[in-house]
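Presented below is the structure to which this report refers.
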Amino acid sequence: MSHKSRLVSQSSPDQHLPTKPAHHPFFSKTDFRAGFVATLPLWLGAAPFGIIYAVTAIAAGLTPAQTLGMSLLVFAGAAQFTAAGMFGGGIAPCTIITTALILNTRHILLAASLVPFLRPVKLWGKALLAFQLTDETYAVGIQQFLEGKGSPGFQFGANISLYCIWQLSTVVGIFLGRFVPDPAAYGLDLVFPLTFMALLVPLLRDRTSVCVAVIAGGLTIVGILLLPGSWYILLAGIVASGLGAWFSRKQP
132 MSHKSRLVSQ SSPDQHLPTK PAHHPFFSKT DFRAGFVATL PLWLGAAPFG
182 IIYAVTAIAA GLTPAQTLGM SLLVFAGAAQ FTAAGMFGGG IAPCTIITTA
232 LILNTRHILL AASLVPFLRP VKLWGKALLA FQLTDETYAV GIQQFLEGKG
282 SPGFQFGANI SLYCIWQLST VVGIFLGRFV PDPAAYGLDL VFPLTFMALL
332 VPLLRDRTSV CVAVIAGGLT IVGILLLPGS WYILLAGIVA SGLGAWFSRK
382 QP
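Heads up: the sequence shown begins at 132 in the numbering used here, then just goes up one per residue.
This is the structure we're talking about:
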């Protein structure tokens, strides 16, 4: 090769173009699998709760299709229990829907706290994560995010994991409904709330988080005693979160 040819070859613009970076999807299979597996221990608490919901719904007069449909579309244990009980009491549908929405308003706060970790995710991805977010999967996901190991894919896997067992347990409960007339008599309705508390306690790592938890718990108790309906859930969450933000700013 001549000296001139070598110069042309060495100065070719193609050699100075940056290589195209590899594509890393937000919902990677590895992260999804990790989130799915991390939530498997929660199946032990979710399965009885889902079965109890289905048994309660069937006893309240809902059809199997309505019972399963609520699990597929609502996917919120407290709201589903309340809706089933109100249906059995002959409450108007608009009142049932409004009450369920009020009970689920706390998910606004949960989803909002995940936003800083999900900025690269497109709107459809955020909507999907928000739809399947629960108290328990939020606790699993936020712990990973706070430790710097979380990802949208991990959160998605955790959400899907609990979503699957909730549907399966609902189907089982539909078939068992005729044999267990009063599941609350066995104390099985406490399984899921206790599971959530077990997930929450490890997240209380500093003075601010402990104060927020204590304030939220205290306000919830006061709200149960003094306020009608379920508005106290949202109010306690907003007030406690606001005070937590104020405490954080005051700290050096």
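Ideal placement from N, C-alpha and C gives every residue a C-beta, glycine not left out.
Just so we're clear, the structure is a prediction, and the values are computed from it rather than from any experiment.
8 Å Cβ cutoff met for residue i and residue j
i    : j    : result
A177 : L307 : no
F285 : L260 : no
I291 : G181 : no
R240 : P283 : Just to set this straight, residue 240 is Leu in the shown sequence, not Arg. For L240 and P283, no; Cβs fall outside 8 Å.
A165 : V205 : no
G218 : G200 : Note that residue 218 is Phe in the sequence shown here, rather than Gly. No. Outside cutoff.
A190 : T198 : no
S300 : I273 : no
P195 : I346 : no
Q275 : S202 : no
L264 : A242 : yes
E267 : L173 : yes
V332 : A371 : no
Reduced DSSP category for residue i - H, G, I as helix; E, B as strand; rest coil
i    : result
T265 : coil
H154 : Confidence is the limiting factor: at H154 the pLDDT is only 39, short of 50, which leaves the residue's position unreliable, though a coordinate-based value still follows. Here H154 sits in coil by DSSP.
G354 : helix
R380 : helix
R338 : helix
K257 : helix
F248 : helix
P359 : coil
F276 : helix
S372 : helix
A367 : helix
L138 : Its pLDDT being 42, under 50, L138 is placed unreliably in this model, and the coordinates cannot settle the point.
CB contact check: residue i to chain C, cutoff 8 Å
i    : result
P283 : Among the chains of the structure shown, chain C does not appear; only one protein chain is present.
Run of the alpha helix (DSSP H) containing residue i, from where it starts to where it stops
i    : result
S292 : 283–307
Inter-residue CB distance, residue i and residue j (contact presumed, cutoff 8 Å)
i    : j    : result
V271 : T161 : Contact flag wrong, Cβ pair sits at about 17 Å.
V341 : L335 : 5 Å
T339 : G375 : 6 Å
F158 : A289 : Actually they are not in contact, since the Cβ atoms of F158 and A289 sit about 12 Å apart, beyond 8 Å.
N235 : A210 : 5 Å
G208 : Y184 : 6 Å
G354 : R237 : At roughly 12 Å, the Cβ-Cβ gap does not stay under 8 Å, so G354 and R237 are not in contact.
Q: Only counting runs of 3 or more residues, tell me where the beta strand (DSSP E) segments fall wholly within the segment 161–238, in order along the chain.
A: none
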